[in-house]
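Structure first, commentary second.
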Amino acid sequence: MKTINIGLLGLGNIGTGSYKTLEMNRKVIEKNSGLDLQITRILERDVDRDRGIDVPMEKFTQNPDDIFKDPEISIVIELLGGIEPATSFMISAMENGKHVVTANKAAVAASFDKLMSTAEENGVQFKFEASVGGGIPILHPLTTVLRANDFSEIMGIVNGTTNYVLTQMTDHGFDYDSVLKTAQEKGFAEADPTADVEGIDVANKLSILMALSFDKYVPPTEIPTEGITKITPADIEAARVKGCKIKLVAYAKRDGDTIDYGVKPMELPLSHPLASVSDEFNAIFVVGNAVGELMFYGKGAGPLPTGSAVMGDVLEIAKSISK
Ligand code: HSE
1 MKTINIGLLG
11 LGNIGTGSYK
21 TLEMNRKVIE
31 KNSGLDLQIT
41 RILERDVDRD
51 RGIDVPMEKF
61 TQNPDDIFKD
71 PEISIVIELL
81 GGIEPATSFM
91 ISAMENGKHV
101 VTANKAAVAA
111 SFDKLMSTAE
121 ENGVQFKFEA
131 SVGGGIPILH
141 PLTTVLRAND
151 FSEIMGIVNG
161 TTNYVLTQMT
171 DHGFDYDSVL
181 KTAQEKGFAE
191 ADPTADVEGI
201 DVANKLSILM
211 ALSFDKYVPP
221 TEIPTEGITK
231 ITPADIEAAR
241 VKGCKIKLVA
251 YAKRDGDTID
261 YGVKPMELPL
271 SHPLASVSDE
281 FNAIFVVGNA
291 VGELMFYGKG
301 AGPLPTGSAV
311 MGDVLEIAKS
321 ISK
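All the letters of the sequence shown, read from the start, carry residue numbers 1 to 323 under our numbering.
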């Protein structure tokens, strides 16, 4: 059986979820692909934390070049989060001939063109399915089996933390602070949840969705963005009286050469398909001129759903390079 060696940058929530996904499903992956995937080096300072996984000490390093310059490693998974040093590390990995997989929407959205061109110039693959919608396969379909469409609309709930908070406030009357704390404990939230609650994480994901479906890259800083921090129990109750739920929505609608886009809380009627998307679940509604309306639904946050998407990308690359 052919072995594919992998370097992992970051063993936080998502790194741990990705490691667990591989170990939990090792037999299935080996049976389906005929490949032995091995995470051989991990860039991580915190080597003592109990993560509920068994990681041999010799895998840890604090020197990224132990991964970038290792000729045995062909795929690098970047799960550090944040824009830097993650972006520079991904570029270095690609310049050293490594294929790169990431879940880092902030880094992908901030430097979309640079990361794509670096991959092309170095003849490596760059995949980021986990960066939008956690475990939901959305980017791969948009760029493969749906590519024959001209897309006119995207609308989605793409942040698990805020959807969890709004759902718990709406359905159970829980208060904002305690619900946000639970979302953090469940591993949904960013290290600094400001990006979640202010809508920045959603803007990052919308930037990526627009770049792939409309071939139009808009930096997330140029996307009109409003989060959920101003939503009060009174707003939720007022929406309920009107037969609506408040959801944090990302939208982009094309009309000719113009695209109207943004991120904001919206009152959605209970009959709207996105109104029934609860807790950490995400859903992305897409309209293509041939396929019509499509809806993608699943867990948009959390270590294992996101680990599923990360390892799916890794497996795709591993299969393609071992042919
Ligand atoms: N903090 C993000 C969320 C993680 O809550 O959706 C997944 O991108």
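Every residue gets a Cβ at the ideal spot worked out from N, C-alpha and C, and that includes glycine.
Just so you know, these numbers come straight off a predicted model, no measurement behind them.
Which whole-angstrom value describes the C-beta separation of VAL76 and ILE83, a residue pair presumed to lie in contact below a C-beta threshold of 8 Å? Taking the first residue of the sequence shown as position 1, residue 76 is located at position 76. Taking the first residue of the sequence shown as position 1, residue 83 is located at position 83. With 8 Å as the limit, VAL76 and ILE83 do not qualify as a contact, their Cβ atoms being about 17 Å apart.
Nearest residue (CA-CA) to PHE89, options LEU37, LEU8, MET155 and LEU142: As a working mapping, residue 89 is identified with position 89 in the sequence shown. Selected option, being the one with the closest Cα: LEU8.
Quick one: what's GLN38 bridged to in DSSP? In the sequence shown, the residue the question calls residue 38 occupies position 38. Answer by DSSP bridge pairing, in chain order: ASN5.
Out of GLY302, ALA290, GLY288 and ASN282, which one is the CA nearest neighbour of ILE296? Stepping through the sequence shown from its first residue, residue 296 is reached at position 296. Note that residue 296 is Phe in the sequence shown, not Ile. Nearest option by C-alpha distance: ASN282.
The ligand HSE and ASP196: does any heavy atom of the ligand fall closer than 7 Å to the residue's C-beta? Residue mapping note: residue 196 aligns to position 196 of the sequence shown, counting from 1. ASP196 Cβ: within cutoff of the ligand HSE.
Put HIS272 into one of helix, strand or coil per three-state DSSP. Position 272 of the sequence shown holds residue 272. In the structure shown, HIS272 sits in coil (DSSP, three-state: anything other than H, G, I, E or B).
What residue range does the beta strand (DSSP E) around PHE281 cover? If you number the sequence shown from 1, residue 281 lands on position 281. Residues 281-288.
Between PRO64 and LEU43, what straight-line distance do the alpha-carbon atoms span, to the nearest angstrom? Position 64 of the sequence shown holds residue 64. Position 43 of the sequence shown holds residue 43. Roughly 6 Å separates the two Cα atoms.
Could you pull out every residue in the same chain whose Cβ sits closer than 7 Å to the Cβ of ALA290, ignoring the five residues on either side in sequence? Mapped onto the sequence shown, residue 290 falls at position 290. The residues are ALA148 and ASN149.
What residue range is occupied by the uninterrupted beta strand (DSSP E) comprising ILE73? Here residue 73 corresponds to residue number 73 of the sequence shown, with the count starting at 1. That run of the beta strand (DSSP E) goes 73-78.
Same chain, Cβ closer than 8 Å to LYS324, five either side skipped, listed in chain order: Any property of residue 324 remains undetermined from this structure, which presents the chain solely from 1 to 323.
Go ahead and label MET311 buried or exposed: buried means 16 or more other beta carbons lie within 10 angstroms of its beta carbon, across all protein chains shown. Working through the sequence shown from its first residue, we reach residue 311 at position 311. Buried is the call here.
Name, in chain order, the residues that DSSP records as bridge partners for TYR261. For the purposes of this step, residue 261 is identified with residue 261 of the sequence shown, where counting begins at 1. TYR261 pairs with ALA252.
GLU267 (DSSP reduced to helix, strand or coil): In the sequence shown, counting from the first residue as 1, residue 267 sits at position 267. Three-state DSSP puts GLU267 in a strand.
Nearest to TYR19 by alpha carbon, out of ILE317, ILE259, LYS319 and ALA309? Along the sequence shown, read from residue 1 onward, the residue named residue 19 stands at position 19. The shortest C-alpha separation from TYR19 is found at ALA309.
At least three beta-carbon pairs within less than 8 Å, the stretch 250-260 to the stretch 108-126: no
Alpha carbon to alpha carbon, what distance is there between PHE60 and VAL100? Working through the sequence shown from its first residue, we reach residue 100 at position 100. Working through the sequence shown from its first residue, we reach residue 60 at position 60. Between VAL100 and PHE60, the C-alpha separation is close to 19 Å.
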